[in-house]
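For the record, in the sequence shown the residue sitting at position 391 is 391 according to our numbering, with numbers rising by one throughout.
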Amino acid sequence: MDNTLGGHIRPYESELNFLKHAVDGFLVVVTLLIASRIYLETWDQKYTIAAISGVALFYVAAKLNDLYISSRYRRVSQEITPLFYAWSATVAGLLFLGYMFKITQEYSRIVLGLWFIGAPTAMALWRTLLKSGLSYARRLGYNSRSVVIVGTGQAAQHLAGNIEHLDWIGLRFLGYISPDNGDECPHQKSITPDAVLGNLDTLKELRDQQAVDVVYIALPPHRRAQTDEILEMLSDSTVSTFLVPDFDLYGIAQGRWITIGDIPTVSVVETPLLGSSAGLKRCEDLIVSLLLIIATAPLMVLIALAVKLDSKGPILYKQRRHGLNGQEISVWKFRSMTTSNNDQTFKQARENDSRVTRVGNFLRRSSLDELPQFFNVLRGDMSIVGPRPHALAHNEEYRGSIWGYMQRHKIKPGITGLAQVRGFRGETDTHDKMEQRFHCDMEYMNNWSIWLDLKIILLTPFALINGRNAY
């Protein structure tokens, strides 16, 4: 086996870490010196004490915020955040010491203010320049680490794709190790033959020749015995070894790690709206629903009159639907049919449905029949954006045929959603249509953000103008 397979193993990691410590400490001192010179303050003992205290406190806070762990796999933003946390703790510590020893009045507030702002800015700028330089060098092949992946399944291929795409992290993918020459995984047919280096004997050769720096083991759970064998083989080396959990196997590609005590767990089914995220979305719902109720109040009055004059029956009707965590809720709509069926004898509206009134036909195509649902949002049963609430009969039908179907009820149902702006609205008369809606709902849940909600809200009018599939 040719030793040229090996990458440039990072021999200067400890030196780079020392450099970061040294430059950070230097910048803490220099920014205080510059601040004092700008304000024409004399550098004396008190500023020397402040500088030394600032460096010491910053090193402690940086250690607690994992600022000096390997940054190879972190983007610049992921380094800047702990940097500002560490410096904020440093400032708090300095102020505490100043008040405790009653020496704050000896310092110029302007000098301290310039220092408190200048030091983290300088350190952030230095880290950005360092990261850019290292990323450029790694793209050229320097400071890189050679990598092989054991396994040829979807998780292995996904990992390989990310390594090759994120070239700034300095990982050079050599190829796959197929423990059973590819027999273990039907997905290997999508891998070119030259991408497979060989079997476990090849891995042993790479280990012995020190031709590989990192090994990722991406085998399915039922191959635990083989994983143990590989770990035993690599334990007799200095190769960095990682296990790759196959989250796709359980449909939890967006799973979150949660540590309970010292035991790590990963979420299989969980709501994306926890803590501050839930509060933020509730504020969004309250603000948007109130504004839209006020804006559409005259229109709702006109619609109510039109419904009443068009046909006999109530102006509003309510449907039983599943809400948050599968609890039944009442969803309000303007009546658009001459008769109303409950969910036990549910018949979904179809094109040219004789039950739909003249006014109802317009309301359904424009989705104006759903305006009363803003009150559902205000009450807290629904959200502005979320999975559309389906009929109870539909839920009972599809929960048995679409894996994970009821997970869409881990958040509140919405008036509009990702599925609707992509054109999946109206009748769901086939399994495929419902499955497409479900996948859109799960994509929304796995990628939720306030910005995604705003994007969907802005796109909804265009979907309504189209009007297709709604009758």
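C-beta: ideal position from N, C-alpha, C; glycine also.
Looking at the unbroken beta strand (DSSP E) that takes in L174, where does it start and where does it end?
Taking the sequence shown and counting its residues from 1, the one referred to as residue 174 is at position 174. L174 -> beta strand (DSSP E) spans 171-177.
Exposed or buried, which one is R223 when buried takes at least 16 other CB atoms within 10 Å?
As a working note, residue 223 is residue 223 in the sequence shown. When all chains shown are included, R223 counts as buried.
Between K455 and the rest of its own chain, which residues show a CB-CB distance below 8 angstroms, the 5 nearest in sequence each way excluded?
Within the sequence shown, residue 455 is the residue found at index 455, counting from 1. There are no such residues.
Using the beta-carbon count (16 or more within 10 Å), is V269 buried or exposed?
Residue numbering aside, residue 269 sits at position 269 when the sequence shown is read from its first letter. Result: exposed.
What does the alpha-carbon distance come out to for the pair P387 and T430?
Stepping through the sequence shown from its first residue, residue 387 is reached at position 387. Stepping through the sequence shown from its first residue, residue 430 is reached at position 430. Their backbone Cα atoms lie some 18 angstroms apart in a straight line.
How should I103 be labelled, buried or exposed, when 16 other C-beta atoms within 10 angstroms of its C-beta is the threshold for buried?
On the sequence shown, position 103 is the one that residue 103 refers to. The residue in question, I103, is exposed, as its Cβ has fewer than 16 Cβ neighbours within 10 Å.
Nearest to Y317 by alpha carbon, out of L371, E397, P220, K131?
Translated into the one-based positions of the sequence shown, residue 317 becomes position 317. Selected option, being the one with the closest Cα: L371.
Tell me whether H158 counts as near the ligand FMN, meaning its Cβ is closer than 8 angstroms to at least one heavy atom of that ligand.
Here there are no bound small molecules, and the ligand FMN is not part of this structure.
Are L171 and R139 touching if we call contact CB-CB under 9 angstroms?
On the sequence shown, position 171 is the one that residue 171 refers to. On the sequence shown, position 139 is the one that residue 139 refers to. No, the pair does not count as a contact, with Cβ atoms beyond the cut-off.
E164 to A51, Cα distance in whole Å?
Residue mapping note: residue 164 aligns to position 164 of the sequence shown, counting from 1. Residue mapping note: residue 51 aligns to position 51 of the sequence shown, counting from 1. If I take the Cα positions, the gap works out to 44 angstroms.
Sequence-distant residues of the same chain with beta carbon closer than 8 angstroms to V333, five excluded per side:
As a first step, residue 333 is located in the sequence shown; it is residue number 333 there, counting from the start. The residue asked about is misnamed: residue 333 is Lys in this sequence, not Val. If we look at K333 and ignore the five residues flanking it on each side, its Cβ neighbours are L316, Y317, K318, Q319, D369, E370, P372, Q373.
Could you tell me the distance, in whole angstroms, from the CA atom of L200 to the CA atom of L324?
For the purposes of this step, residue 200 is identified with residue 200 of the sequence shown, where counting begins at 1. For the purposes of this step, residue 324 is identified with residue 324 of the sequence shown, where counting begins at 1. Whole-angstrom Cα-Cα distance: 49 angstroms.
How about R256 and S267: are their beta carbons less than 9 angstroms apart?
By one-based count along the sequence shown, residue 256 stands at place 256. By one-based count along the sequence shown, residue 267 stands at place 267. Yes, Cβ-Cβ distance for R256 and S267 is below 9 angstroms.
Specify whether the region 224-232 and the region 204-214 touch according to this definition: at least 3 beta carbon pairs, one from each stretch, less than 8 angstroms apart.
no
Would DSSP call I258 helix, strand or coil?
What you label residue 258 is simply residue 258 of the sequence shown in a count that begins at 1. Residue state, collapsed to three classes: strand.
Tell me Q319's beta-bridge partners as DSSP assigns them.
Walking along the sequence shown from the start, residue 319 turns up at place 319. Answer is V331, bridged to Q319.
Can you say whether W403 is buried or exposed, counting buried as having 16 or more other CB atoms within 10 angstroms of its CB?
By 1-based counting over the sequence shown, the position of residue 403 is 403. Burial call: exposed.
Using the three-state DSSP reduction, which class does V196 fall into: helix, strand or coil?
Here residue 196 is taken as the residue at index 196 of the sequence shown, counted from 1. Here V196 sits in strand by DSSP.
Buried or exposed: which applies to E79, given that a residue is buried once 16 or more other Cβ atoms fall within 10 Å of its Cβ?
On the sequence shown, residue 79 is found 79 positions in, with the first residue counted as 1. Its Cβ being crowded by 16 or more others within 10 Å, E79 is buried.
Going by DSSP, name the residue or residues bridged to S383.
By 1-based counting over the sequence shown, the position of residue 383 is 383. Paired residue(s): G414.
With which residues is F242 paired in a DSSP beta bridge?
Your numbering for residue 242 matches position 242 in the sequence shown. F242 pairs with Y216.
At least 3 beta-carbon pairs within less than 8 angstroms: the region 413-420 vs the region 437-446:
yes
Please state the DSSP three-state secondary structure of I103.
Translated into positions along the sequence shown, residue 103 becomes position 103. Here I103 sits in coil by DSSP.
Give the DSSP bridge partners of N149, in chain order.
Looking up residue 149 in the sequence shown gives position 149. Looking at the sequence provided, one finds Ile at residue 149 rather than Asn. Note: I149 sits in a beta bridge opposite Y176, Y216.
Please return the same chain residues whose Cβ sits closer than 6 angstroms to the Cβ of P389, not counting the five positions on each side in sequence.
On the sequence shown, position 389 is the one that residue 389 refers to. Within the same chain, P389 has close Cβ partners R321, V331, P413.
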